[in-house]
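With our numbering, the residue at position 103 of the sequence shown is 103, and numbering never jumps.
For each residue, glycine too, the CB sits at the ideal point set by N, CA and C.
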Amino acid sequence: MRYMQLSLLGLVLLVVGFRLTNAQEEFKPTMDFKGSRVAIGYIDSKYDGSFPVGSFQMPDGKLRFNWNTTPDITFVTRISFSNTTVAGFDYFYMDYKNFLTEISPAFKDGLFNPTLRLGRIKLDIGEETWSDNSVESIVVSNSAGLVNGYDEGAQLHQSLKKDQLGIPVKWSLSLTNGNKDTGADNQSAKAICFKAGINPINELYISGSYYNSGELLTADADVAYAGLKSRPVNATEWTRNIIEVDMRYDFKPVKEDRLNPGAPAWSDSKAYIRTAYGQFKDDGEDTAAPITEVADRKGIYYFAEGGYNLTEKIYLGGRHSKIEFDKNDVFAILNSVANANAYTRTSFGAGYRLSGNAHAKFEYVKNSEKMQTGSTEPKNDQIVFLITAKF
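Here's what the structure looks like:
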């Protein structure tokens with residue numbers, strides 16, 4: 001099976017090389033920075049938070065390069081430099097549209113003509129993951145149970161128009177390493193991620209996601225919930241499973257693609273509401289003598305969020321979210337808070353559009369945690385003032 005996968009990958013790379021060689025005379029390569037963003041400002045939290053005395057910060061910075069080498073092939077690299085510290089590349093992949101037409105031109109307008117994405121990618125699980133930053137979110141903070149992650153692997157994704165299936169539909173399917181950080185995989189079993197989304201009516205968007213990490217041994221997972229990537233205590237083998245359902249309804253939508261909603265802070269609808277509900281399970285066992293009991297982690301997370309364009313310049317936003325384990329005796333580090341069994345976050349914010357790509361944003365965040373007996377709930381509420389820009 002592994003040799004078959006390598007043979008198919010080798011065939012794809014040969015096709016890419018052939019297309020790149022032929023494209024030199026047919027297409028003039030271009031490069032742009034679309035998708036770059038930055039946020040700068042002031043953050044003040046209570047005494048147990050990250051900024052107990054207040055601090056000027058640069059909480060988000062991404063510099064993205066889109067290398068358009070042919071009409072169908074684009075290489076994407078993105079550097080992360082939050083708080084002016086370069087953390088390396090979080091994106092480093094190739095997008096290859098219409099690659100199946102190299103096999104047969106019949107795929108061009110067919111129902112199965114996905115784009116191939118190959119390299120270090122962001123996993124397409126849930127919807128908040130595509131706006132999980134202070135620039136694009138309707139508020140500044142993320143939800144309490146945010147699910148996101150980057151990994152190395154291959155993904156197929158496609159959007160189908162209404163005239164092809166009766167309603168707009170999109171899907172994605174990826175096969176990735178699963179274990180944290182770049183480098184060689186630690187197991188032959190790969191992680192799988194699948195998502196499907198539909199527009200049953202123009203104003204309504206619904207999607208469902210499934211993720212299975214594959215066997216991780218003692219490595220951290222690439223996909224986190226509430227920032228948690230580590231294995232259950234005492235586990236020498238473990239896997240992570242996540243299921244999520246999302247819904248978004250827009251009031252008086254204008255030009256935005258309803259099947260692929262953009263950044264909430266840039267929504268052109270009069271208002272929108274969106275919700276998510278997910279379940280997770282970290283299934284571990286100890287296989288090294290002496291055998292120790294492992295407490296599996298199971299639980300749920302959810303959020304409800306809304307945005308309202310008060311005027312063309314001013315918008316308001318809010319979100320309530322929670323993540324909790326299904327048993328009262330299970331504890332972990334949730335959003336940097338140790339010995340937590342549940343974490344609730346409520347955020348209120350407002351934004352002012354200084355221009356088409358620059359915003360001034362304010363947010364107040366209320367956090368509360370259910371703690372292990374003997375641990376004190378931290379005082380970590382927060383206020384934030386930011387200037388953000390997206391290119």
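- ASP48 and ASN380 have their alpha carbons spaced roughly 5 Å apart.
- A Cβ-Cβ separation of about 6 Å places ARG231 in contact with GLY284 under the 8 Å criterion.
- Ranking LEU146, GLN155 and ASN260 by CA distance to the CA of ILE198 puts ASN260 first.
- Contact between the segment 229–249 and the segment 157–165 is not established, with fewer than three Cβ pairs separated by less than 8 Å.
- The criterion of a C-beta distance shorter than 9 Å is satisfied by PHE89 and ARG120.
- Put simply, of ALA276, PRO264 and THR236 the residue whose alpha carbon is nearest the alpha carbon of PRO290 is THR236.
- Residue VAL223 holds the alpha-carbon nearest to the alpha-carbon of ASN177 among VAL223, PRO378 and SER159.
- Put simply, of LEU386, GLY307, ARG78 and PRO378 the residue whose alpha carbon is nearest the alpha carbon of ALA358 is LEU386.
- Within the same chain, and ignoring the five residues on either side of VAL86 in sequence, the residues whose Cβ sits closer than 8 Å to its Cβ are ILE79 and SER80.
- The continuous beta strand (DSSP E) containing LYS390 extends over residues 382–390.
- In the structure shown, THR84 falls within a helical segment according to DSSP collapsed to helix, strand and coil.
- For LYS195, the enclosing beta strand (DSSP E) begins and ends at 191–201.
- The beta carbons of SER207 and CYS193 sit about 13 Å from each other, so the pair does not count as a contact at 8 Å.
- The beta carbon of ILE40 lies closer than 6 Å to those of MET58 and ILE387 in the same chain, with the five residues before and after it left out.
- Between the segment 150–157 and the segment 329–347 there are fewer than three C-beta pairs closer than 8 Å, too few to call the two in contact.
- Non-local beta-carbon contacts of VAL76 in its own chain, meaning distances under 6 Å to residues more than five positions away in sequence, involve ASN66, TYR91 and TYR93 in chain order.
- For ILE314, the closest of PHE362, ALA295 and THR344 by C-alpha to C-alpha distance is PHE362.
- Boundaries of the beta strand (DSSP E) harbouring LYS298: 297–309, taken from the DSSP string.
- The segment 96–108 makes no contact with the segment 121–131, as fewer than three CB pairs between them are under 8 Å.
- Taking the CA atoms as reference points, ALA350 sits about 48 Å from ASP286.
- Sequence-distant partners of SER336 (beyond 5 residues in either direction) whose C-beta falls short of 7 Å from its own C-beta, in its chain, are GLY227.
- The beta carbon of ASN212 lies closer than 6 Å to those of ILE192 and ASN241 in the same chain, with the five residues before and after it left out.
- Remark: C-beta atoms of ASP44 and VAL384 approach each other more closely than 9 Å.
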